[in-house]
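Here is the structure we will look at.
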Amino acid sequence: MHDDSPPGDSPPVALTRRAATKAASLGALAALAGCLGGGSRRERVPDPVDLSGGKEDDRGGMVIGLHAGPNGQIFYRDNAPEGRDNPAWFHTLGMGLFPYHFERRELGWEATAVYVTDYSTVDYELSTEDGDTFISTHTAADTFGDAAEMAYVVGSEVLGGMGRDLIPFSSDADADGFVAEHGGELVSFDDVTPEWLRGYMRS
1 MHDDSPPGDS PPVALTRRAA TKAASLGALA ALAGCLGGGS RRERVPDPVD LSGGKEDDRG
61 GMVIGLHAGP NGQIFYRDNA PEGRDNPAWF HTLGMGLFPY HFERRELGWE ATAVYVTDYS
121 TVDYELSTED GDTFISTHTA ADTFGDAAEM AYVVGSEVLG GMGRDLIPFS SDADADGFVA
181 EHGGELVSFD DVTPEWLRGY MRS
């Protein structure tokens, strides 16, 4: 379906709990969105933004869009990245979005929305360089979806810009097809804990 033209051990957790954890994740994000004014007004969940234009990753400083792989963005209720308004934005998930999310959560930051590239909604391409296979990057606002709703392919032969990453699909069928073709396993948003992520990125 996708062109393969010129231009990171499998994790222990398979996607066996996605149906349950998806509902739990959505409920958690809805709770974070919360009610303002003693429950009289509901906080509007912000929409994803375009990440083109030379924006620099909030965890590492790399320019978003210049490297392969999924991107992400996080909106916070009462906090924001240093020096500007929300969202915090990232050019990787495994080295950027998830570590930043875990670190800020430990500091008490509350996320109102977490978005990642949805490869079910884009015409992605695979490219090869020095024998490695990479998946294309996408920065337009409409290429992002709710991180809690994704099935993430991990441990496949396909890499992001900084090596192994988590490749998100909103369609289970698309995720299953990707694994069948390129290897790996599936995990849900809630499967990605700090401990799991450290093991995955180091393996």
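Per the UniProt record's numbering: the sequence shown = residues 1 to 203. The beta-carbon is built from N, C-alpha and C at its ideal position, and this holds for glycine as well.
If you follow the beta strand (DSSP E) that residue 124 is in, where does it begin and where does it stop?
Counted from its first residue, the sequence shown places residue 124 at position 124. Here residue 124 belongs to no beta strand (DSSP E), and DSSP marks it neither H nor E.
In whole angstroms, give me the CA-to-CA distance for residue 129 and residue 68.
As a position in the sequence shown, residue 129 is number 129, starting the count at 1. As a position in the sequence shown, residue 68 is number 68, starting the count at 1. Answer to the nearest angstrom: the Cα atoms are 11 Å apart.
Sufficient close CB pairs (3 or more, under 8 Å) joining the region 122 to 137 to the region 92 to 99:
no
Straight-line gap, residue 90 to residue 43 (C-alpha atoms, nearest Å):
Here residue 90 corresponds to residue number 90 of the sequence shown, with the count starting at 1. Here residue 43 corresponds to residue number 43 of the sequence shown, with the count starting at 1. Going from the Cα of residue 90 to the Cα of residue 43 covers about 24 Å.
Under DSSP, the beta strand (DSSP E) around residue 72 begins and ends at which residues?
Taking the first residue of the sequence shown as position 1, residue 72 is located at position 72. In the DSSP annotation of this structure, the continuous segment of the beta strand (DSSP E) that includes residue 72 starts and ends at 72 to 76.
If residue 170 sits next to residue 149, beta carbons under 8 Å apart, how far is it from one beta carbon to the other, in whole angstroms?
Along the sequence shown, one-based indexing puts residue 170 at 170. Along the sequence shown, one-based indexing puts residue 149 at 149. Confirmed, Cβ separation roughly 6 Å.
Am I right that residue 133 and residue 159 are in contact with their C-beta atoms under 8 Å? What's the rounded C-beta distance?
As a position in the sequence shown, residue 133 is number 133, starting the count at 1. As a position in the sequence shown, residue 159 is number 159, starting the count at 1. The pair is a contact, with the Cβ atoms about 7 Å apart (cut-off 8 Å).
Going by alpha carbons, who is nearest to residue 189 out of 83, 94, 176, 180?
In the sequence shown, counting from the first residue as 1, residue 189 sits at position 189. Ranking the options by Cα distance to residue 189, first place goes to 94.
Checking the sheet assignment: what are the DSSP bridge partners for residue 212?
Here the chain has residues from 1 to 203 only, and residue 212 is not among them.
Within 10 angstroms of the Cβ of residue 177, are there 16 or more other Cβ atoms? Answer buried if so, exposed if not.
As a working mapping, residue 177 is identified with position 177 in the sequence shown. By the neighbour-count rule (16 or more Cβ atoms within 10 Å), residue 177 is not buried but exposed.
Residues bridged to residue 89 [DSSP beta-bridge criterion]
Along the sequence shown, read from residue 1 onward, the residue named residue 89 stands at position 89. DSSP output for residue 89 lists 73 as bridge partner(s).
When DSSP builds the beta bridges, which residues end up paired with residue 132?
Working through the sequence shown from its first residue, we reach residue 132 at position 132. 129.
So, are the CB atoms of residue 87 and residue 117 less than 8 Å apart?
For the purposes of this step, residue 87 is taken as the residue at position 87 of the sequence shown. For the purposes of this step, residue 117 is taken as the residue at position 117 of the sequence shown. No, these two residues do not count as a Cβ contact at 8 Å.
Residue 177: first and last residue of the uninterrupted alpha helix (DSSP H) it sits in
Here residue 177 corresponds to residue number 177 of the sequence shown, with the count starting at 1. 172 to 182 is the extent of the alpha helix (DSSP H) around residue 177.
Inter-residue CB distance, residue 112 and residue 65 (contact presumed, cutoff 8 Å):
Along the sequence shown, read from residue 1 onward, the residue named residue 112 stands at position 112. Along the sequence shown, read from residue 1 onward, the residue named residue 65 stands at position 65. Between residue 65 and residue 112 the Cβ distance is about 24 Å, and since that is not below 8 Å, they are no contact.
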